[in-house]
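Q: Before anything else, here's the structure in question.
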Amino acid sequence: MQENKDLQEFSAPEVKLWLKTKNFSDETVENFEDEQQKIDGKALIYLAEHGSAQQYEACGLKTVGEQLHFKQIVKTTTDDSTTTSRLAAGCRKAHKPRKEDIRKLSPMNQRIYKTKRSAVRQAAINKWPGNDIPTFKKKSTALEELEELVNQLKKECSFEPADFDRKGIKQHVLDVLNERRRHLRSGHDYTKEDKRKLKKVKTDSDGSSSMASTASTEILSEQSEDEDLSPRKGKTSPQIIPETYTDDDSDYDQPLTQVSNNQPKEDDKEDKMTDEEKSTVPSNAAQIIMQVAFNALQFKDISKKQLISYVKKYKLHLKPTTLEKNMCAQLLAEYFIQEGYVKVQCPLNKIDREKVYKLKVF
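Per our numbering, the very first residue in the sequence shown carries number 3; after that it's consecutive.
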């Protein structure tokens, strides 16, 4: 009799052995063993749930106490067997987060998880490009390379809110490679350029050529018009400079003369210096602080729009939309440090991501 075997799968002899382990009397065991009864595992469970008094007595369970004891033991055994089966199924499931678990995450954490998962996918493709996809047998070089890759990705690609740890990263690498194997069996060739990419490149180049051609045509047209409108030799006329308007939020007046237009504005210099001096955090340090604060794998994963929204929220600049992405990061980094959202335990000019900690949600 197998220890992990379900009770309903027992044969009649196995039911007999099981009854002995549960300390039933020899008379009861013999009655169950009777060839006329033929009680296997399924019949045993049905007897415990729906048996009549006459059936119990035929099996040697004559007293009410014995009958109740029998029912309780069978019920407990079947419940334990069901729980064990569920746990075993849970152990066999993939270590990656399930779709329903991902949906429970916040929108920000969902984006971060998908970004990290995409990074794992790209790393797997870069490690084993083309059509030669290895199989990972025990004590093989390919398995060692897989473990090495997973260890490299663990630091940057693990994401605790989604329970995406080392096992999840390894499982995703294997899933990506299995997917590529299926495509190979379907006739796909990874050594050839993707037609979609080629089409996009061609479209982009055609668009650039078209734009260049259009621009050249416009320039020639403008030159022709200028020649028609230009004064004849021997005659002079003052050059008319058309008045232009911009959508800038600039508070400064347009230059009145050509000379003043070429000279840098003193107010611009002052504003520029003011922006840069508003933060004492170096650009590189600010980027790393933002990665930790936003749980991002890389600085480019954080959009400029996100940073501007927080600069507005904390009123760190009068005109946030005019700032560059790095400037937003510097202002926010200094603010997060001052307000205790982020803690940096190393010099800012020699920053180490492992020594930058997010203390609270902002």
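Virtual Cβ for every residue (Gly too), placed ideally from N, Cα, C.
Rounding to the nearest angstrom, what Cα-Cα distance links Gly92 and Thr282 in this structure?
A: For this step, residue 92 is matched to residue 90 along the sequence shown. For this step, residue 282 is matched to residue 280 along the sequence shown. Its pLDDT being 45, under 50, Gly92 is placed unreliably in this model, and the coordinates cannot settle the point.
Q: Would DSSP call Lys360 helix, strand or coil?
A: Locating residue 360 in the sequence shown gives position 358, counting from the first residue. Residue state, collapsed to three classes: strand.
Q: Which residues does DSSP pair with Lys345 in a beta bridge?
A: Along the sequence shown, one-based indexing puts residue 345 at 343. Lys345 pairs with Tyr359.
Q: How big is the Cα-Cα spacing for Cys348 and Gly170?
A: The residue you call residue 348 lines up with position 346 of the sequence shown. The residue you call residue 170 lines up with position 168 of the sequence shown. Their Cα atoms are separated by approximately 31 Å.
Q: Any contact of the region 150-157 with the region 96-105, i.e. 3+ C-beta pairs under 8 Å?
A: The region 150-157 is not in contact with the region 96-105.
Q: Going by beta carbon distance, what residues of the same chain come within less than 7 Å of Pro136, once the five residues before and after it are set aside?
A: Within the sequence shown, residue 136 is the residue found at index 134, counting from 1. Trp130, Ala144.
Q: Specify whether the region 334-349 and the region 297-308 touch according to this definition: at least 3 beta carbon pairs, one from each stretch, less than 8 Å apart.
A: Flag = no, the region 334-349 and the region 297-308 do not touch.
Q: Taking DSSP as the reference, what is the three-state secondary structure of Phe367?
A: Because the chain spans 3 through 364 in this model, residue 367 falls outside it and cannot be assessed.
Q: Considering Ser285, what are the terminal residues of the alpha helix (DSSP H) in which it resides?
A: The sequence position of residue 285 within the sequence shown is 283, counting from 1. Note, Ser285: alpha helix (DSSP H), 285-295.
Q: Please classify Thr216 as buried or exposed, where buried requires at least 16 neighbouring CB atoms within 10 angstroms.
A: Start at 1 with the first residue of the sequence shown, and residue 216 comes out as number 214. With a pLDDT of only 49 at Thr216, under the threshold of 50, the placement of this residue in the model should not be trusted; the figure read from the coordinates follows. By the neighbour-count rule (16 or more Cβ atoms within 10 Å), Thr216 is not buried but exposed.
Q: Using the Cα positions of Ile339 and Leu350, report the straight-line distance between them to the nearest angstrom.
A: Start at 1 with the first residue of the sequence shown, and residue 339 comes out as number 337. Start at 1 with the first residue of the sequence shown, and residue 350 comes out as number 348. Straight-line Cα distance between these residues: approximately 11 Å.
Q: Using alpha carbons as the reference points, say which of Asn25, Lys306, Ala45 lies closest to Arg330.
A: The count along the sequence shown starts at 1 and reaches residue 330 at position 328. Note that residue 330 corresponds to Cys in the displayed sequence, not to Arg. Here the closest residue by C-alpha is Lys306.
Q: Taking Val313 and Val358 to be in contact with their CB atoms under 8 Å, please state how far apart those CB atoms are, rounded to whole angstroms.
A: Here residue 313 corresponds to residue number 311 of the sequence shown, with the count starting at 1. Here residue 358 corresponds to residue number 356 of the sequence shown, with the count starting at 1. Incorrect: roughly 20 Å between the Cβ atoms, too far for contact.
Q: According to DSSP, simplified to helix, strand and coil, what is Phe12?
A: The residue you call residue 12 lines up with position 10 of the sequence shown. If DSSP states are grouped into helix, strand and coil, Phe12 belongs with coil.
Q: Terminal residues of the continuous alpha helix (DSSP H) containing Leu186?
A: Position 184 of the sequence shown, counted from the first residue, corresponds to residue 186. Where Leu186 is concerned, the enclosing alpha helix (DSSP H) stretches over 168-187.
Q: Considering only DSSP beta bridges, list what Phe161 is partnered with.
A: Within the sequence shown, residue 161 is the residue found at index 159, counting from 1. According to DSSP, which records beta bridges pairwise, Phe161 is partnered with Phe166.
Q: Taking the straight line between their C-alpha atoms, what separation do you get for Ile75 and Phe34?
A: As a working mapping, residue 75 is identified with position 73 in the sequence shown. As a working mapping, residue 34 is identified with position 32 in the sequence shown. In a straight line, the C-alpha of Ile75 is about 16 Å away from that of Phe34.
Q: From this set, Pro163, Pro284, Ile41, which residue's C-alpha is nearest Lys98's C-alpha?
A: The count along the sequence shown starts at 1 and reaches residue 98 at position 96. Taking only the C-alpha atoms, the option nearest Lys98 is Pro163.
Q: For Ser160, verify whether its CB is less than 7 Å away from any heavy atom of the ligand GTP.
A: With respect to small molecules bound, the structure shown includes none, and the ligand GTP cannot be examined in it.
Q: Taking the CB atoms as reference points, tell me whether Val122 and His71 lie closer together than 8 Å.
A: Here residue 122 is taken as the residue at index 120 of the sequence shown, counted from 1. Here residue 71 is taken as the residue at index 69 of the sequence shown, counted from 1. Taking 8 Å as the Cβ cut-off, Val122 and His71 do not qualify as a contacting pair.
Q: Is DSSP giving His319 helix, strand or coil here?
A: The residue given as residue 319 occupies position 317 in the sequence shown. Reduced to three states, the DSSP call for His319 is coil.
Q: Using only CA atoms, which one of Thr80, Ser108, Thr30, Ile47 lies nearest to Lys64?
A: Walking along the sequence shown from the start, residue 64 turns up at place 62. For the residues Thr80, Ser108, Thr30, Ile47, the minimum Cα distance to Lys64 belongs to Thr30.
Q: Am I right that Ala298 and Ile114 are in contact with their C-beta atoms under 8 Å? What's the rounded C-beta distance?
A: Position 296 of the sequence shown, counting from 1, holds the residue named residue 298. Position 112 of the sequence shown, counting from 1, holds the residue named residue 114. Sure, about 6 Å apart at Cβ, within 8 Å.
Q: Quick check on DSSP: helix, strand or coil for Arg119?
A: Taking the first residue of the sequence shown as position 1, residue 119 is located at position 117. Correct three-state label for Arg119: helix.
Q: Give the secondary structure of Arg100 by DSSP, where H, G and I count as helix, E and B as strand, and everything else as coil.
A: The residue given as residue 100 occupies position 98 in the sequence shown. Here Arg100 sits in coil by DSSP.
Q: Under 7 Å Cβ to Cβ from Tyr58, same chain only, skipping five residues before and after it: list those, please.
A: Locating residue 58 in the sequence shown gives position 56, where the first residue counts as 1. Answer for Tyr58: Gln69, listed in chain order.
Q: What residue range is occupied by the uninterrupted alpha helix (DSSP H) comprising Glu326?
A: Translated into the one-based positions of the sequence shown, residue 326 becomes position 324. Careful: Glu326 lies outside any alpha helix (DSSP H) and carries neither H nor E.
Q: Under a three-way DSSP split, which group does Lys140 fall into?
A: Residue numbering aside, residue 140 sits at position 138 when the sequence shown is read from its first letter. In the structure shown, Lys140 sits in coil (DSSP, three-state: anything other than H, G, I, E or B).
Q: Around the Cβ of Met292, are there at least 16 other Cβ atoms within 10 angstroms (buried) or fewer (exposed)?
A: Against the sequence shown, residue 292 aligns to sequence position 290. Buried, since its Cβ has 16 or more Cβ neighbours within 10 Å.
Q: What residues in its chain sit with their C-beta under 6 Å from that of Ser13, if we drop five residues either side in the sequence?
A: One-based indexing of the sequence shown puts residue 13 at position 11. If we look at Ser13 and ignore the five residues flanking it on each side, its Cβ neighbours are Asp42.
Q: With DSSP as the reference, label Cys61 as helix, strand or coil.
A: Stepping through the sequence shown from its first residue, residue 61 is reached at position 59. The answer is coil: DSSP assigns Cys61 none of H, G, I, E or B.
Q: With a threshold of 7 Å on Cβ separation, who are the neighbours of Leu179 within its own chain once the five nearest residues in sequence on each side are excluded?
A: Translated into positions along the sequence shown, residue 179 becomes position 177. Result list for Leu179: Ala126, Trp130, Ile135, in chain order.
Q: Between Leu46 and Val17, how many whole angstroms is the CB-CB distance? I'm expecting something under 8 Å.
A: The count along the sequence shown starts at 1 and reaches residue 46 at position 44. The count along the sequence shown starts at 1 and reaches residue 17 at position 15. Contact holds; Cβ gap of about 5 Å.
Q: Please list the terminal residues of the continuous alpha helix (DSSP H) segment that includes His52.
A: Position 50 of the sequence shown, counted from the start, is the residue given in the question as residue 52. Looking at the DSSP string, the run of the alpha helix (DSSP H) that includes His52 is 43-52.
Q: Measure how close the beta-carbons of Leu333 and Leu320 come, nearest whole angstrom, since I'm counting them as under 8 Å.
A: Translated into positions along the sequence shown, residue 333 becomes position 331. Translated into positions along the sequence shown, residue 320 becomes position 318. Leu333 to Leu320, Cβ: 12 Å. No contact.
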